[in-house]
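Here the structure comes first, spelled out in structure tokens, and everything after it is commentary.
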Amino acid sequence: MQNGMFRPTWDDSIADGFSAPKLFGQGVSYTYDDVIFLPGHISFGAHQVDLSTFVTRNIKLRTPLVSSPMDTVTEAGMAVAMAAVGGMGIIHYNNSLEEQLHQGTGGVGLQEQLRHVYAPAGPLAWYGLVGARPAGGSVEVKTAKNHTPGFVVHPVCMAPTSTVAELYDLKERKGFTSVCVTDTGKVGGKLLGIVTTRDWDFVADLHTPLGEVMTKDVEAAEYDTITAEKAMQLLKASKRGKLPIVNSSGELLALATRALFREDARLPLGGPASVAPDGRLLVGAAVGTRQADRERVAALRDVGHVDVVVLDSSQGDSTFQVEMVQHIKREHPGLDVICGNVVTSWQARRLIEAGADGLRVGMGSGSICTTQEVCAVGRGQATAVYHTARLANSLGVPITADGGVQNSGHVVKALALGASAVMCGSMFAGTAEAPGDYMYVGGARVRYHSDTQSLKIAQGVSGTVHDKGSVRRNVPYLVQADLGAKSLAEAWQRLDRGEQRLECRTGAAQAEGGIHDMHSFEKKSW
């Protein structure tokens, strides 16, 4: 008897279901849907649950979720949002090193572009860019690392000769309804005005230049003195929604918005953002295993200050990846490396012995991945996570379950089976923070989603995913369950002791556990 509550001692003779070793020791490959966890006794509130976890040996997250390094999922915007809710984004590498280091206008090198580095509490940073935003890579990493709540460092700009029709098209594709007007139509040009919905809502002639409808009397702030607190005060005093940030020459550098300050005041939900020891957001980046990728790693580390690199391969158990992780640990000993993908204990052990600080687990289980069908290799994701986690966790190396996640139940199953974090691709692909344009298919608002890697033997497909709103609003609902454990460590202990019981589900049981007997319904996976 404790606190007036009866607590029986564990008795395996009256336990329902199977222990994890018995269930997963049958030589059967199980997916997340094939297994179900039996509920545990709950004697605590949801506010007492601690989901903090290590995604590598040295990097700790408050929320055990990571966005996938795919070019339709993670760039700077997603990385910022994931860090804001306590997770982390891994920026893709579907671009060349030259694009990463030199793609700005005027041939300005990345080192010069990114010469201003700041802590979140300090003045607003400006990177020195004088044109279009470089795609991906180190610039994406730096943009995410140096994010300050409430500010847009790369605001959407148009020229005064651009038309209302072009703005309307931008709204349809990107969702933007307001733009800054500069003489060049780009960031770094002289600020001429701002166009909001109030300026062009009732313009009948869509060929009207924005220079004729824009608001020219715009209050702006200088970037070398502005802070988040001062920007909020100016927005409040002016009763306007946007505050351009300019240099002494009146050239647009950034934008502070009332909407972002209001949103950031409510977020992140449940706790602090994921930040590095220097106070900047935690950001990861993917790289390959070729010789040229060694230069990429050096640039990401020395210029981008990335916190972790992910060796991105559908088959991680290779000589190439072993040599790459050994090179990184030798040349950049302070940089954590996540290797993979793997699905067996032998694969995991080889990479851990090579120096991996974390592992990605999954092969052919992603929504757009066809590796199991095309290459005839892979493993059911539940089985893969359980077996690799048993080995990796015993050696102090966290694993990230990558693929096969379709709903919040799958996230919980992956974590309870031993994963320290879950990587999501298609689940985040349709969110507001994902890169790419919106389109309409069959009356539904969707976004394009594809596999980043380009191979001679196709191991994936491309398609569209539904618009899902903001990551910041969805993530808190993805990690809730009734297992009866206060933390991931406690859940793993229950699994190891045989207290956490599981059962296999028949096809009828899966149908019964889903939605049925409804004439119509709306469904969200969180």
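Residue numbers (the working numbering): 200 to 725. We treat Cβ as the ideally placed atom computed from N, Cα and C, and that holds for glycine. Keep in mind the model is a prediction, meaning the values are calculated, not measured.
First through last residue of the beta strand (DSSP E) which encompasses residue i
i, result
"Gly635", "Where Gly635 is concerned, there is no enclosing beta strand (DSSP E), given that its DSSP letter is neither H nor E."
"Phe236", "Val234 to Phe236"
"Glu702", "Leu701 to Cys703"
"Lys441", "Lys441 to Val445"
"Ser266", "Leu264 to Ser266"
"Val507", "Val507 to Leu510"
"Gly288", "Met287 to Ile290"
"Ala214", "Note, Ala214: premise wrong, no beta strand (DSSP E); not H, not E."
"Val486", "Gly483 to Val486"
Neighbourhood of residue i by C-beta, 7 Å cutoff - its chain only, sequence neighbours within 5 removed
i, result
"Gly742", "This structure cannot settle anything about residue 742, because the visible part of the chain is limited to 200 through 725."
"Phe253", "Lys259, Pro597 and Ser619"
"Lys685", "Phe243, Gln247, Val248 and Asp249"
"Gly449", "Lys389 and Leu390"
"Cys623", "Leu264, Ser266, Ser267 and Val604"
Contact belief for residue i with residue j at Cβ below 8 Å, rounded distance in angstroms
i, j, result
"Arg700", "Asp215", "6 Å"
"Ala628", "Thr271", "5 Å"
"Gly503", "Cys538", "Going by Cβ atoms, the distance from Gly503 to Cys538 rounds to 20 Å, so no, they are not a contact pair."
"Val542", "Met562", "5 Å"
"Gly557", "Thr255", "4 Å"
"Ile289", "Gly483", "4 Å"
Separation of residue j from residue i, as counted between CA atoms
i, j, result
"Lys429", "Ala555", "44 Å"
"Asn540", "Val507", "16 Å"
"Thr381", "Val394", "11 Å"
"Asn294", "Ser267", "16 Å"
"Ala358", "Gln490", "42 Å"
"Ala497", "Lys370", "38 Å"
"Thr424", "Gly387", "18 Å"
"Gln709", "Thr230", "12 Å"
"Asp695", "Phe350", "46 Å"
"Gly440", "Thr396", "12 Å"
"Ala631", "Gly668", "5 Å"
"Asp416", "Gly392", "7 Å"
"Ser625", "Glu339", "20 Å"
"Ser228", "Leu250", "28 Å"
"Leu405", "Ala419", "28 Å"
"Pro408", "Asp398", "12 Å"
"Val279", "Gln225", "42 Å"
"Tyr676", "His609", "12 Å"
"Ile551", "Thr705", "36 Å"
"Asp400", "Met277", "30 Å"
"Phe223", "Asn592", "17 Å"
"Gln310", "Arg500", "Interpretation of Gln310 is limited by its pLDDT of 31, a score under 50 that renders its predicted location unreliable; the figure taken from the coordinates is listed afterwards. The alpha-carbon atoms of Gln310 and Arg500 are separated by roughly 12 Å."
"Phe519", "Asn257", "24 Å"
"Ser544", "Gly384", "54 Å"
"Leu590", "Ala547", "8 Å"
"Gly595", "Ala275", "30 Å"
"Tyr367", "Leu459", "22 Å"
"Val509", "Pro471", "24 Å"
"Asn606", "Gly285", "19 Å"
"Thr582", "Val674", "25 Å"
Residues near residue i in its chain [Cβ-Cβ closer than 6 Å; skip 5 each side]
i, result
"Ala600", "Val560, Val584, Ala613, Ala618 and Val621"
"Ala553", "Val521, Val524 and Gln525"
"Leu434", "Leu442 and Arg457"
"Leu481", "Ala282, Met287, Ser473, Ala475 and Asp506"
"Ser218", "Gly697"
"Ser377", "Thr395"
"Val355", "Phe375 and Val378"
"Ser437", "Glu418"
"Thr360", "Pro408"
"His586", "Ser544"
"Lys528", "Gly554"
Alpha helix (DSSP H) segment containing residue i, residue limits
i, result
"Pro220", "Ala219 to Phe223"
"Asp501", "Ala491 to Asp501"
"Met281", "Ala275 to Ala283"
"Val604", "Careful: Val604 lies outside any alpha helix (DSSP H) and carries neither H nor E."
"Leu409", "Leu409 to Val412"
"Met626", "Ser625 to Ala628"
"Leu694", "Leu687 to Arg696"
"Gly712", "Gly706 to Gly712"
"Val670", "Val670 to Asn673"
"Leu682", "No alpha helix (DSSP H) contains Leu682, which DSSP labels as neither H nor E."
"Leu433", "Ala427 to Ser437"
Interface flag, residue i vs chain D, CB-CB below 8 Å
i, result
"Asp398", "Of the chains in the structure shown, none is chain D; there is only one protein chain."
Nonlocal neighbours in the same chain, by C-beta distance under 8 Å from residue i, ignoring five residues either side
i, result
"Leu682", "Phe236, Pro238, Gly239, Val611, Ala615, Ala690, Arg693 and Gln699"
"Val402", "Val363 and Val412"
"Ser517", "Thr488"
"Pro220", "Gly697"
**Message:** What ranges does the alpha helix (DSSP H) occupy inside the segment 531 to 597, keeping only unbroken runs of at least 4 residues that lie completely in it?
**Reply:** Here the runs fully enclosed are 544 to 553, 570 to 574 and 580 to 593.
**Prompt:** Counting only runs that start and end within the segment 366 to 403, where is the beta strand (DSSP E) found for 3 or more residues in a row?
**Reply:** Counting only runs of at least 3 residues, the segment 366 to 403 fully encloses the following beta strand (DSSP E) elements, listed from N- to C-terminal order: 378 to 381 and 390 to 394.
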